[in-house]
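The structure appears below as structure tokens.
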Amino acid sequence: REARVEALFILPENSPMEHILDEMDIPFEGELLIKRTMSQEGRNRVFINGAMATLQMLSAVGGRLMSVSGQHEYQLLLKPENHLFLLDEFAALSGERQEVSDLYKAYQRLCKDVETLGQEISRCKAEKELSLFQMEEIETASPSPGEDLELNAEKKRIQSSEELKKTAEEAFRTLYEDPESITSSISQCLKRIERGAAIEKAFAEIAILLQDAAARIEDAAFTLRGLKERLHYEPARLDQIMERLEILARLKRKYGPTIEDILKKKDALKSLEREGEEKESVLKELLARQEETERRLVEASRRLSDKRKKAALEMEKAVEMELDQLHLKAMRFKVIFQDRGSEDRSKTGLIGPDGMDHVEFLMAANIGEDIKPLSRIASGGELSRIMLALKTILAGTASIETVVFDEVDSGISGAEADVVGEKLLTLSRFHQVICITHLPQIASKGLSHYLVRKEIADERTRTTVSSLNPDERVLEIARLLGGREITRSALEHARGLLGYGLK
3 REARVEALFI LPENSPMEHI LDEMDIPFEG ELLIKRTMSQ EGRNRVFING AMATLQMLSA
63 VGGRLMSVSG QHEYQLLLKP ENHLFLLDEF AALSGERQEV SDLYKAYQRL CKDVETLGQE
123 ISRCKAEKEL SLFQMEEIET ASPSPGEDLE LNAEKKRIQS SEELKKTAEE AFRTLYEDPE
183 SITSSISQCL KRIERGAAIE KAFAEIAILL QDAAARIEDA AFTLRGLKER LHYEPARLDQ
243 IMERLEILAR LKRKYGPTIE DILKKKDALK SLEREGEEKE SVLKELLARQ EETERRLVEA
303 SRRLSDKRKK AALEMEKAVE MELDQLHLKA MRFKVIFQDR GSEDRSKTGL IGPDGMDHVE
363 FLMAANIGED IKPLSRIASG GELSRIMLAL KTILAGTASI ETVVFDEVDS GISGAEADVV
423 GEKLLTLSRF HQVICITHLP QIASKGLSHY LVRKEIADER TRTTVSSLNP DERVLEIARL
483 LGGREITRSA LEHARGLLGY GLK
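Following this line, the structure appears as structure tokens:
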């Protein structure tokens with residue numbers, strides 16, 4: 003109910019894979035074990051050195067472990083956008099390319115930050131006029147906490163002054179002025195109590211209390227008289243209060259239901275003003291950093307471009323030399339740098355994450371023909387040999403550990419196949435090479451030989467992979483040479499090929 007595939011890779015010292023796995027927090031001690039399980043329900047699980055991994059992590063690791071050269075990669079070779087990467091691989095410019103990429107990303111981030119901050123500053127400037135008006139309005143009114151409560155209380159006192167004056171006057175008469183006032187009544191009562199005090203001591207204590215009460219009532223009465231004299235209806239002051247309350251009410255309608263809200267708005271406006279000034283300062287710093295990063299980006303792109311142009315000449319010679327050995331003597335290979343739209347190499351608008359260059363591989367298949375794009379010239383067999391030539395010249399610089407070739411024998415035979423086999427053998431000195439082929443000249447060059455069969459049994463197709471021993475290998479090479487019937491001459495030829503291939 004579950005399929006499982008495991009692959010063990012033994013990597014050389016100082017392999018780039020160590021850094022990649024370290025970033026993924028995956029243990030590494032020279033060996034790399036990749037396991038993937040697939041259930042009938044469609045569940046997939048991936049393990050790298052025993053640690054659970056994602057398909058994205060598997061793709062990242064696998065892409066650095068193996069390179070498959072088949073029909074798909076040949077199609078990639080036809081696309082000019084892939085040619086610049088191949089040139090950089092040949093020239094070992096991954097460090098310079100990464101430097102440009104990092105600077106480009108940093109420059110783009112700064113451009114975005116400058117644009118965003120510029121928009122915020124523009125918004126602040128657009129709001130500044132309104133903010134200044136609001137600030138001036140609040141500062142001119144200069145409200146203070148609790149002012150409205152005090153004014154409303156004073157307004158109520160003025161509006162009620164006549165009624166309060168009348169109340170004070172009536173109370174004064176009741177307490178003191180009327181013939182039968184409370185003060186007069188207490189005075190008469192006190193005289194009788196004092197006479198009784200000569201007989202009963204308790205009356206003396208009561209007399210003291212009445213004397214104190216009389217004094218307090220008299221104080222209250224005269225306080226009321228003073229209040230009555232001070233209470234006046236003041237229409238001018240009332241108008242001032244009403245006008246001030248209207249100003250405060252207008253501010254409340256605009257900035258909040260309370261004076262505290264108005265004062266908070268004032269603080270916010272001041273903060274907004276400071277924020278605008280701070281943003282202007284930050285923008286100056288960003289623009290300076292943007293200018294410096296742009297300068298470094300342009301310089302790094304120029305250096306990278308100069309190295310590419312120099313390496314392109316070397317690559318042309320190296321590829322043509324390989325093609326010559328692959329029986330494509332008449333083929334010319336050129337690396338063309340195309341202008342991105344301006345002769346001014348300082349314009350960052352023409353620089354991308356891979357620099358300022360646009361590169362395309364062109365070729366002429368025959369003498370006397372003009373160079374043209376690969377897609378218009380190369381046949382399938384020629385493409386496979388061009389790819390092999392590129393793989394060969396990249397062998398010492400590429401970081402891929404295992405290279406898989408599929409259909410490398412397309413469109414070739416005889417001596418050409420023998421040369422292709424030699425090239426694959428040379429390539430295997432730098433990488434592990436796995437080649438899928440139907441040509442005996444190529445198959446005989448391998449150190450190990452596996453036979454892949456498709457068999458139909460019980461109405462199901464099964465694929466088997468068998469490791470061939472030396473005798474089985476002779477038979478398989480002979481079969482490739484002679485077809486169904488394996489002749490003595492085919493066997494002798496096979497032994498000859500294998501003897502040559504195993505030297």
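The sequence shown begins at 3 in my numbering and counts up by one. A virtual CB, placed ideally from N, CA and C, is assigned to each residue, including glycine. Owing to the predicted nature of the structure, the values given are computational and were not obtained by experimental measurement.
Contact test: residue i Cβ vs the ligand COA heavy atom, cutoff 7 Å
i: GLY32; result: Ligands are entirely absent from the displayed structure, and the ligand COA is therefore not among its contents.
Pick from the options that is closest to residue i, judged by C-alpha positions
i: ILE438; options: PHE432, ARG431, THR428, GLY423; result: GLY423
i: PHE453; options: SER468, ALA459, LEU441, PRO442; result: Checking the displayed sequence, the identity of residue 453 turns out to be Leu instead of Phe. Of SER468, ALA459, LEU441, PRO442, the residue nearest in Cα terms is SER468.
i: LEU265; options: LEU35, PRO145, ARG47, LEU427; result: PRO145
i: PRO259; options: ARG99, LEU376, PRO147; result: PRO147
i: PRO14; options: THR404, GLN213, GLU474; result: THR404
i: PRO472; options: LYS425, ALA445, PHE335; result: ALA445
i: GLU293; options: SER386, CYS113, GLU156, ALA366; result: CYS113
i: HIS85; options: ASP359, VAL406, LEU470; result: ASP359
i: ALA314; options: VAL337, GLU296, MET323; result: VAL337
i: GLU362; options: ILE353, LYS374, GLU20, ASP356; result: LYS374
i: MET26; options: GLY32, ALA62, GLU101, ARG38; result: ALA62
i: PHE30; options: ILE50, ARG38, ASP104, GLU43; result: ILE50
i: ILE22; options: SER187, ARG45, LEU60, ARG3; result: LEU60
i: LEU470; options: LEU80, ILE458, SER450, GLY484; result: SER450
i: LYS11; options: ARG3, GLU4, LEU34; result: The displayed chain sequence assigns Phe, not Lys, to residue 11. Selected option, being the one with the closest Cα: LEU34.
i: SER183; options: ALA223, LEU212, GLU149, GLY485; result: ALA223
i: LYS130; options: LYS272, SER412, ILE261, ASP214; result: LYS272
i: ASP150; options: GLN190, LEU250, ARG298; result: LEU250
i: GLU324; options: ILE388, LYS286, GLY278; result: ILE388
i: GLN121; options: LYS281, SER96, LEU226; result: LYS281
i: VAL406; options: SER412, VAL435, ILE379; result: VAL435
i: ARG255; options: ALA290, GLU322, LEU493, ILE140; result: ILE140
i: ALA270; options: GLU164, MET137, GLY370; result: MET137
i: LEU89; options: LYS309, LEU119, LEU153; result: LYS309
i: THR225; options: ASP180, LEU240, ARG175; result: ARG175
i: ALA173; options: LEU229, ALA200, ASP214; result: LEU229
Per-residue burial, residue i [other beta carbons within 10 Å of its own, 16 or more giving buried]
i: ALA480; result: buried
i: GLN161; result: exposed
i: PRO442; result: buried
i: PHE135; result: exposed
i: GLU202; result: exposed
i: GLU384; result: buried
i: VAL300; result: buried
i: MET19; result: buried
i: SER17; result: buried
i: SER386; result: buried
i: VAL7; result: exposed
i: ALA55; result: buried
i: ALA206; result: exposed
i: LYS564; result: Residue 564 lies beyond the range of the chain shown here (3 to 505); nothing can be said about it.
i: GLY485; result: exposed
i: ALA53; result: exposed
i: MET333; result: buried
i: LYS447; result: buried
i: SER344; result: The predicted position of SER344 is uncertain, since its pLDDT is 44 and thus under 50; a value taken from the coordinates is nonetheless stated next. Answer is exposed; the Cβ neighbour count stays below 16.
i: ASP346; result: Summary for ASP346: the model assigns pLDDT 47, below 50, so the residue's position carries little reliability, and this model does not support an answer.
i: MET244; result: exposed
i: ILE369; result: exposed
i: GLU478; result: buried
i: ALA459; result: exposed
Cross-strand partners of residue i (DSSP beta bridge)
i: PHE363; result: VAL337
i: GLY354; result: GLY357
i: GLU40; result: In the sequence as presented, Glu is not what sits at residue 40; that position holds Met. According to DSSP, which records beta bridges pairwise, MET40 is partnered with ALA5, ASN46.
i: TYR452; result: SER469
i: ALA55; result: VAL48
i: ILE12; result: GLU33
i: ALA459; result: ARG462
i: LYS374; result: MET365
Beta carbon of residue i nearer than 8 Å to that of residue j
i: ALA216; j: ILE195; result: no
i: VAL410; j: LEU396; result: no
i: LYS1; j: PHE339; result: The structure shown does not extend to residue 1, since the chain is modelled only from 3 to 505, so the question has no answer here.
i: LEU506; j: VAL421; result: Because the chain here runs from 3 to 505, residue 506 falls outside it and cannot be looked at.
i: ILE552; j: LEU247; result: Given a span of 3 to 505 for the chain in the structure shown, any question on residue 552 remains unanswerable.
i: LEU253; j: ALA143; result: yes
i: THR394; j: ALA108; result: no
i: GLU124; j: GLU275; result: The sequence shown places Ser at residue 124, not Glu. Contact flag unset, no.
i: LEU306; j: ARG99; result: yes
i: LEU166; j: LEU192; result: no
>> Report the start-end ranges of each beta strand (DSSP E) in the region 66-147 that is 3 residues or longer and not cut off at the edges.
In response: 68-71
>> Restricting to runs no shorter than 4 residues, where is the alpha helix (DSSP H) found entirely within the region 177-237?
In response: 184-199, 203-232
>> Ignoring anything shorter than 3 residues, give me the beta strand (DSSP E) runs that lie fully in the region 246-303, in order along the chain.
In response: none
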